[in-house]
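> Residue numbers (our numbering): 4 to 367.
Don't be surprised by glycine CBs; every beta carbon is placed ideally from N, CA and C.
My questions will all concern the structure given below.
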């Protein structure tokens, strides 16, 4: 049911991603202009991620009817497939955000507006009409009551600690290609009313060359111990350095909703990586954003998925992988960090966090 009230008045809040889950939502990749070689290499990585998460919580994989056969061959029997129509497979941004009433353990959904990260003039592909209907179809499947703020926002644009604190990136959330008349004060009111947020920390920019205009889920995130993990480079000639330096300065001088100082852990980014000729030639012409050999990829270790018992961490077969694994494992002592080579997902513009969306533990 579409609710006309506001979640804050109904005592709902967005839980942290490291709180217990009922499940995880994903979408099977298929676009040949976003994913090379008819999306098969990417699909294998999607399947690896889904199968690993399914050992820890229920996974629901949205799949077009035409892809059912191949998806079933790659996916574990534990993964439940749902027939859906959609334009591309970034569930974090296309799909719903879930909120929870901690007293009743009730879950509800939020259906943000979606415009393919920029709309008619700046979007990453033409035609996102099917994407815009994914939330409603999932609410029907889950039998979930939901809210519709009528604001363009993607799930990858926000991170919360589950206690009233939210981090967002200004160049993304306040970009005129989302909501042309949106002010910071108006957006903060949306966060308060729909996510139960008391404290918003704004970072000016996201990861360098992030085609989403700087989603926060590539830059930083909350860990269960209250620490904020921040992508970092010591290379002062890298355009990422001033971005991370500014984010560190802001976070290091902030407090959370409870008035406690923010503690930051720097996670060194993988060495700069670039699309190669073979990867480029594997793409077909279409309406998706054009990519070219030599394009810098937005590699980040922050773009991981936290499941109930494991953390699925993107790695890239570079020397920085081991340090990232060790550091992130230290913040998740009760979970096993499982590295997954995810360059094929990165080639499409995002990573493991971008292709997943958690359903908090509770009842609809």
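For the pair the stretch 316-323 and the stretch 343-361, tell me if three or more CB-CB distances fall below 8 Å.
Because the criterion of three Cβ pairs below 8 Å is met, the stretch 316-323 and the stretch 343-361 touch.
> Going by DSSP in three states, residue 268 sits in which element: helix, strand or coil?
In the structure shown, residue 268 sits in a strand (DSSP, three-state: E or B).
> Quick check: the Cα distance between residue 185 and residue 159, rounded to an integer number of angstroms?
Taking the straight line from one Cα to the other gives about 18 Å.
> Which ranges would you report for the beta strand (DSSP E) in the stretch 276-305 if only whole runs of at least 3 residues count?
Correct list: empty.
> Over the uninterrupted alpha helix (DSSP H) stretch that includes residue 202, give me the two end residues.
Taken as a continuous stretch (DSSP letters only), residue 202 belongs to no alpha helix (DSSP H), being part of the beta strand (DSSP E) at 202-206.
> Taking one C-beta from the stretch 67-80 and one from the stretch 186-199 each time, how about it: are there three or more such pairs within less than 8 Å?
With the cut-off at 8 Å, the stretch 67-80 and the stretch 186-199 do not touch.
> If you draw a straight line from the C-alpha of residue 287 to the C-alpha of residue 129, how long is it?
Going from the Cα of residue 287 to the Cα of residue 129 covers about 15 Å.
> Roughly how many angstroms lie between the CA atoms of residue 35 and residue 356, to the nearest whole one?
So the alpha carbons of these two residues sit roughly 21 Å apart.
> Straight-line CA distance for residue 55 to residue 315?
Between residue 55 and residue 315, the C-alpha separation is close to 8 Å.
> Which whole runs of the beta strand (DSSP E) in the stretch 75-151 are 3 residues long or more, in chain order?
The qualifying runs are 82-86, 100-104, 109-113.
> Please list the terminal residues of the continuous alpha helix (DSSP H) segment that includes residue 48.
Looking at the DSSP string, the run of the alpha helix (DSSP H) that includes residue 48 is 43-56.
> Over what stretch of residues does the beta strand (DSSP E) that includes residue 61 continue unbroken?
First-last of the beta strand (DSSP E) with residue 61: 61-66.
> Bridge partners of residue 225, per DSSP?
Paired residue(s): 231.
> If we ignore side chains and look at the alpha-carbon of each, how far apart do residue 309 and residue 166 end up?
Residue 309 and residue 166: Cα-Cα distance of roughly 17 Å.
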